[in-house]
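S.K.: Structure incoming, see below.
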Amino acid sequence: MNNLYPLFNVIIALAAAPLMFGVINRIKAFFAGRKGPPLLQLYFDIWKLLRKGAVYSRTTGIFFRLAPSAGLIAVLTALLFIPCGAYPAVLFFPGDMVLVVYLLGAQRFCMLLAALDTGSSFEGMGAGRDAHFSVFSEAVLFLCLAAMSAASGSVSLNGMLFTAGGRIWQVSPPVLVVVVFVLYIVLLAENYRVPFDDPNTHLELTMIHEVMALDHGGPDLAMLEYAAALKFWILASLPAGLLFPHGMKPDFFGNAALFLGLIALTAALTGALESCAARLRLVKVPQMLTAAAALSVVALIFLAK
Amino acid sequence: MAILLFLVPFAAGLAAFVIKSDRLRRRLLFSVACAHAVFSLYLCLFPSGGEDYRWLWFGLDALGRYFTAVFSLLFLCASFYAVIYLKEEKSRPREKKEEGLLFNNAPEAAFTGCLLVFLASMSLLALSRHFGLIWIAMEATTLVSAPLIYFHRQRSSLEATWKYLLICSVGIALALFGNLFLAVSASGQGPGTEISIDRLLGPGVRLDPLWLKAGFIFVLVGYGTKMGLAPMHTWLPDAHSEAPSVASALLSGALLNCAFLAILRFYQLCLANGLGPFCRELFLIFGILSMAVAAVFIIGQSDYKRLLAYSSVEHMGILCFAVAVGTAYGSMLQAANHSFLKGALFICAGNILAGFRSKKIADVRGIAHIMPWAGVLWFAGILAICGMPPFGAFLSEWIILKAAFSSGNLWLPAVYLFLLGVIFIGMTGTGIRMTFGVPSIPEGKKSFLSLLPALLLLLLSLFLGIYMPAALDGAVSGAAALLGGQG
Amino acid sequence: MLDVILMLLVLFNLFSLGSTRISASIRVVAYQGAAIGVVPLFLPGKIPGGILVTIVLVTLLVKAGILPWFLRYAQKRVNVRREEKPFVGASASILSGVAALGTAFFISSRLPIPFAVASPFIVPVALSVSLTGFFIIISRAEALSQVIGYLILENGIYLFGIALLLEQPLLVELGMLLDVFVGIFVMGITVFHISREFEHTDTSRLSGLADWLPEVKRSE
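Chains as they are written, first to last, in our numbering: chain A, 1 to 305; chain B, 1001 to 1487; chain C, 2001 to 2220.
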């Protein structure tokens, strides 16, 4: 039975991921004084989209049709490597942190390909912007993982977040706080939240991520949305895993509840930030990410000493 | 007793700020300078047997006495010139020829007060036996000399003052790092070991060599900025050319020497801990670099005060070179000669500027015909500072050359002679062009009184070159002995 | 706790490098001074309590109170809001700051402290603060920015001194503080004069005197 717990955790993640976007939207509505959409809105949206048909433009090719499914498969695979609180991941091997980042990158690559496949200049512009930001954000993500691996002594995500457990904090608490902070910034950047991109924008000139979802419809869009929710979950598990109270030694359900709570907290924070902060000017985004990179290098230097 | 060398000028400086009467202030300046010079000369040539150290952290050893005597004499002549200069400046507003703008001067009280406090802080530096105190005195000299540079309130002076302040402050901050490294290296003697020279040169004191080396590097770079060693010398030409000649004479002749003194104190510690060869290598690098940079910029120089400034850079390089090849005696002698000659040259330059109203070499021709005394002194000074016998610079440079030969490596004297030669060509060419030829203005100032200090300083240098009384030799050797030098 | 303060100091460094606004820089320098001021409270040592408190209070007063106040006053008088044309841009400055931190760690690994220290990060952080200050001086053209850089440089040196050598005679520590104090004042006064004379405080335009520029070039 113990061996199946990680698998159960994955199933819980699959089930709970869309809930997080509901939390974000609910928090934003609260800040705005509205009632807001129901928490389960994204589930209803996905269910509705799955039952619809899709229309494909004649200028698109094979990539456009394959991209959403390929992206979803990549993200699902990445999910298998993420440990959940006090339970290990389903799969792990030394160096799997690189694989996870590349799988997320593969999903982004599929989306970029699909966008370029439409042959429209608007999608091309959006794809260019997305690729531009991903250069920085992936670098920052790698640096953070390097810092975490220096602190925990392991190059596997499972090793960092599960095996090392609470002991990772004994190395140097203030430095790890910086790492958590930078991981949070990466979360915002990779998931196209404020201050890097506004998910609610309907002005074409200001879209970055929405551009690429614009042409998909029906089941494809459902897969894109679900993959985005899973990506949020995966990137939020990193700081959640660092902040998880391993000393409490919870049982299975308690563990799941705690982890879910931490990720929901991250989502709430994202929602609050989205309500209170403005989006950065496009030229400032690389500067912000460079600053984040600098912080993570600083953390790495401190931890590697 | 020696503490009076600091207290009297300091009190006089503070008084000068509040005294309203110009005549009284100028008399105060001159009389304090006289008293200071007489006292320090007496201390130098006739050292009283009981060297009064360890009164807190003050005391004069042979090195301190020698340097104090040198800059004190220079200050005496400079203050005499200052009195005459200030009297003239009072009479009319100045007009800068290039820009055609009128400018004001700073209040004379501020200038005189700063001069006296400057003397006080230099004395403090020579008196200090504690490295922290040396640092404080150094910083004080920087801060107090900045208003001296900014006497003529115009744009170029301001630019020069800013560069001077910033670069020297950064240099001195680096030297502070050196002090702290020294404290760490001394911590082996117990926590809270105070970094005073007497404590650290005491018997059986072992300083951590790694930290001492690091400290020496920082101190050399830091105080070397103040001293004018290349490549940290960039403030020097601007500051010395924009300041009034009195200030330039003092900055060049006295302040650079004091910075060298600060470095030498550290060098004493390194010698006692076996780091002599390491330090001498560094001295060699900076010395030759300074001489080379000076040589490059002297050729084709268009402003005669900047010419003198680069000559200062060269001589500071020679001082370091001398210590590097092992002759501290030559270095000490050269320091004295440079001070006197550079002071004389700057005072001459001041007179030339007053007469010709331009700092450009191209505008100054035929000094000897319209201002005969100025011409003679200017030309003699330039020849003297290039090492022409029978002036003192020849003797000291010869001693250094001998030591360079005896060091075994023939490249050293070769480079030394080559660079000296290049500088000689540059400077004397300029000197000849300026002194002789058809005069570029119809009539010049004929005042002899303002040239008298320059004449005195030149005669001093001549004296040093011809006759070395036993007391003087004793003083120089005493200073050199502290640096492990042989004659 | 000491580690937290040291980490904060590094963050302040990066912030001062990345921001071109003068008022933000002055605020950061004040915070940095405050952080350095309280460091003695976290050091193991045998300093009598009264003297320790005096040091902390005086340092806080000067570094976090008087000097930033004076810089703000200077800024208002000279009326400069931000650094218009730094020689090195914001992102590159931040990366250089990180490189400075790395260099500081490298240097301090070659210079092991011969006695016990409260934290292995003190020397690298102190060196990195000084390197940051030095970098700001050489990469900014605005005179006030250069003064701020000088203040940061002195902060780093002071941190080194206070953290390692607290037992040194107090007179000298306070004397150094006094000198920095007076130094900043003199610089501030010079900045006033520059602004009055030139109507700007952009030192890259103060280049009338130079030997390698063609004679034709005359500023203003």
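Beta carbons are placed, not taken as given, at the ideal position from N, Cα and C, and that holds for glycine.
Using a Cβ-Cβ cutoff of 8 Å, what residues of the segment 1125-1140 of chain B are near chain C? List them in chain order.
M.R.: If the cut-off is 8 Å between Cβ atoms, the segment 1125-1140 of chain B has H1130, G1132, L1133, W1135, I1136, E1139, A1140 near chain C.
S.K.: Using beta carbons (cut-off 8 Å, strictly below), is V179/A in contact with chain C?
M.R.: By 1-based counting over the first sequence, the position of residue 179/A is 179. With 8 Å as the cut-off, V179/A does not count as an interface residue toward chain C.
S.K.: Roughly how far, in whole angstroms, is the beta-carbon of A299/A from the beta-carbon of V179/A, given that I think they are within contact range, below 8 Å?
M.R.: Position 299 of the first sequence, counted from the first residue, corresponds to residue 299/A. Position 179 of the first sequence, counted from the first residue, corresponds to residue 179/A. Contact holds; Cβ gap of about 5 Å.
S.K.: Between the beta-carbon of L1457/B and the beta-carbon of C1077/B, is there less than 8 Å?
M.R.: Along the second sequence, read from residue 1 onward, the residue named residue 1457/B stands at position 457. Along the second sequence, read from residue 1 onward, the residue named residue 1077/B stands at position 77. Yes, the pair counts as a contact, with Cβ atoms nearer than the cut-off.
S.K.: Cβ of F1010/B less than 8 Å from any chain C Cβ?
M.R.: Taking the second sequence and counting its residues from 1, the one referred to as residue 1010/B is at position 10. No, its Cβ sits nowhere closer than 8 Å to a Cβ of chain C.
S.K.: Who are the near neighbours of L2014/C in its chain, counting only those whose CB is closer than 6 Å to its CB and skipping five residues on each side?
M.R.: For the purposes of this step, residue 2014/C is taken as the residue at position 14 of the third sequence. Within the same chain, L2014/C has close Cβ partners I2094, G2097.
S.K.: Under DSSP, the alpha helix (DSSP H) around Q287/A begins and ends at which residues?
M.R.: Translated into the one-based positions of the first sequence, residue 287/A becomes position 287. Element bounds for Q287/A: 284-304.
S.K.: To the nearest angstrom, report how far apart W1411/B and V1296/B are at their CA atoms.
M.R.: Start at 1 with the first residue of the second sequence, and residue 1411/B comes out as number 411. Start at 1 with the first residue of the second sequence, and residue 1296/B comes out as number 296. Their backbone Cα atoms lie some 19 Å apart in a straight line.
S.K.: Where M1001/B and A1470/B are concerned, what is the direct C-alpha to C-alpha distance, given to the nearest angstrom?
M.R.: As a first step, residue 1001/B is located in the second sequence; it is residue number 1 there, counting from the start. As a first step, residue 1470/B is located in the second sequence; it is residue number 470 there, counting from the start. Distance between the alpha carbons of M1001/B and A1470/B is about 25 Å.
S.K.: Tell me the DSSP bridge mates of H1130/B?
M.R.: Start at 1 with the first residue of the second sequence, and residue 1130/B comes out as number 130. Beta-bridge pairing links H1130/B to S1196/B.
S.K.: Starting from C276/A, trace the alpha helix (DSSP H) in both directions and tell me its first and last residue.
M.R.: Position 276 of the first sequence holds residue 276/A. Looking at the DSSP string, the run of the alpha helix (DSSP H) that includes C276/A is 252-276.
S.K.: Going along the chain, which residues of its own chain have a beta-carbon closer than 8 Å to the beta-carbon of V2216/C, five neighbours each way excluded?
M.R.: Sequence index remark: in the third sequence, residue 2216/C carries index 216 (1-based). Bear in mind that the predicted position of V2216/C carries a pLDDT of just 42, short of 50, making it unreliable; the figure below should be weighed with that in mind. For V2216/C, where only same-chain residues beyond five positions count, there are no Cβ hits under 8 Å.
S.K.: Report the neighbours of V175/A on chain C: residues whose CB is nearer than 9 Å to its CB, in chain order.
M.R.: Within the first sequence, the letter at position 175 stands for residue 175/A. Under the 9 Å cutoff, chain C gives D2003, M2007.
S.K.: Using a Cβ cut-off of 8 Å (strictly closer), state whether V2098/C contacts chain A.
M.R.: Taking the third sequence and counting its residues from 1, one reaches residue 2098/C at position 98. By this cut-off, V2098/C is an interface position.
S.K.: Measure the Cβ-Cβ separation of S1339/B and V1070/B and say whether it is below 8 Å.
M.R.: The residue labelled residue 1339/B in the question sits at position 339 within the second sequence. The residue labelled residue 1070/B in the question sits at position 70 within the second sequence. Cβ distance < 8 Å, so S1339/B and V1070/B count as in contact.
S.K.: Cβ atoms of I1423/B and C1386/B: under 8 Å apart, would you say?
M.R.: Sequence index remark: in the second sequence, residue 1386/B carries index 386 (1-based). Sequence index remark: in the second sequence, residue 1423/B carries index 423 (1-based). Going by C-beta atoms, C1386/B is nearer than 8 Å to I1423/B.
S.K.: Would you say G1381/B and L1341/B are within 8 Å of each other, going by their C-beta atoms?
M.R.: Translated into positions along the second sequence, residue 1381/B becomes position 381. Translated into positions along the second sequence, residue 1341/B becomes position 341. Contact flag set, yes.
S.K.: Nearest CA to the CA of L1282/B: which residue from G1317/B, Y1304/B, S1312/B?
M.R.: Numbered from its first residue, the second sequence carries residue 1282/B at position 282. Ranking the options by Cα distance to L1282/B, first place goes to G1317/B.
S.K.: Is the distance from the Cβ of A2074/C to the Cβ of L2144/C below 8 Å?
M.R.: For the purposes of this step, residue 2074/C is taken as the residue at position 74 of the third sequence. For the purposes of this step, residue 2144/C is taken as the residue at position 144 of the third sequence. Taking 8 Å as the Cβ cut-off, A2074/C and L2144/C qualify as a contacting pair.
S.K.: Thinking just about the alpha-carbon of each residue, which of Y184/A, A146/A, H209/A is nearest to the one in D197/A?
M.R.: Taking the first residue of the first sequence as position 1, residue 197/A is located at position 197. Of the listed residues, the one whose Cα sits closest to D197/A is H209/A.
S.K.: Can you tell me which of the three DSSP states K1360/B falls into?
M.R.: Counting from one through the second sequence, the residue named residue 1360/B turns up at place 360. Strand.
S.K.: State the start and end residues of the unbroken alpha helix (DSSP H) segment that holds V1325/B.
M.R.: In the second sequence, residue 1325/B corresponds to position 325, counting from 1. Residues 1304-1325.
S.K.: Could you tell me if M248/A is buried or exposed, where buried requires 16 or more neighbouring beta carbons within 10 angstroms of its beta carbon?
M.R.: Within the first sequence, residue 248/A is the residue found at index 248, counting from 1. Exposed, by the Cβ-count rule.
S.K.: The alpha helix (DSSP H) with W169/A in it runs from where to where?
M.R.: In the first sequence, counting from the first residue as 1, residue 169/A sits at position 169. Here W169/A belongs to no alpha helix (DSSP H), and DSSP marks it neither H nor E.
S.K.: With distance defined between alpha-carbon atoms, name the residue in A1374/B, G1287/B, R1357/B nearest to S1331/B.
M.R.: Taking the first residue of the second sequence as position 1, residue 1331/B is located at position 331. With distances taken between Cα atoms, S1331/B lies closest to G1287/B.
S.K.: Assess, as a yes-or-no matter, whether the segment 2015-2035 of chain C is touched by the segment 2177-2188 of chain C under the definition of 3 or more beta carbon pairs within less than 8 Å.
M.R.: The segment 2177-2188 of chain C is not in contact with the segment 2015-2035 of chain C.
S.K.: Comparing C-alpha positions only, which one of E1314/B, A1309/B, K1305/B, L1308/B sits nearest to V1293/B?
M.R.: In the second sequence, the residue the question calls residue 1293/B occupies position 293. Taking only the C-alpha atoms, the option nearest V1293/B is E1314/B.
S.K.: Quick check on this structure: which residue in I1084/B, F1405/B, I1149/B, L1229/B has the alpha carbon closest to the alpha carbon of R1027/B?
M.R.: The residue you call residue 1027/B lines up with position 27 of the second sequence. The option with the nearest alpha carbon to R1027/B is I1084/B.
S.K.: What are the partner residues of C84/A, as DSSP defines its beta bridges?
M.R.: Position 84 of the first sequence, counting from 1, holds the residue named residue 84/A. The partner list for C84/A (beta bridge, DSSP) reads Y87/A.
S.K.: Between L2131/C and V1184/B, is the Cβ-Cβ spacing less than 8 Å?
M.R.: One-based indexing of the third sequence puts residue 2131/C at position 131. One-based indexing of the second sequence puts residue 1184/B at position 184. No, these two residues do not count as a Cβ contact at 8 Å.
S.K.: Classify D2202/C as helix, strand or coil using the three-state DSSP reduction.
M.R.: Counting from one through the third sequence, the residue named residue 2202/C turns up at place 202. Three-state result, D2202/C: strand.
S.K.: Report yes or no: is there a C-beta of chain C within less than 8 Å of the C-beta of A1294/B?
M.R.: Stepping through the second sequence from its first residue, residue 1294/B is reached at position 294. Not one chain C Cβ lies under 8 Å of A1294/B.
S.K.: Per DSSP, F8/A forms a beta bridge with which residues?
M.R.: Indexing the first sequence from 1 puts residue 8/A at position 8. None, per the DSSP bridge assignment.
S.K.: Look at the Cβ atom of L1158/B, then the Cβ atom of Y1150/B, and state whether they are nearer than 8 Å.
M.R.: To locate residue 1158/B, count along the second sequence from 1; it is residue 158. To locate residue 1150/B, count along the second sequence from 1; it is residue 150. Going by C-beta atoms, L1158/B is nearer than 8 Å to Y1150/B.
S.K.: When the Cα of M160/A is compared with those of T201/A, L224/A, P94/A, which residue comes out closest?
M.R.: In the first sequence, counting from the first residue as 1, residue 160/A sits at position 160. Nearest option by C-alpha distance: P94/A.
S.K.: So with Cβ pairs under 8 Å, would you call F2087/C a contact of chain E?
M.R.: This model lacks chain E altogether, as its protein chains are A, B and C.
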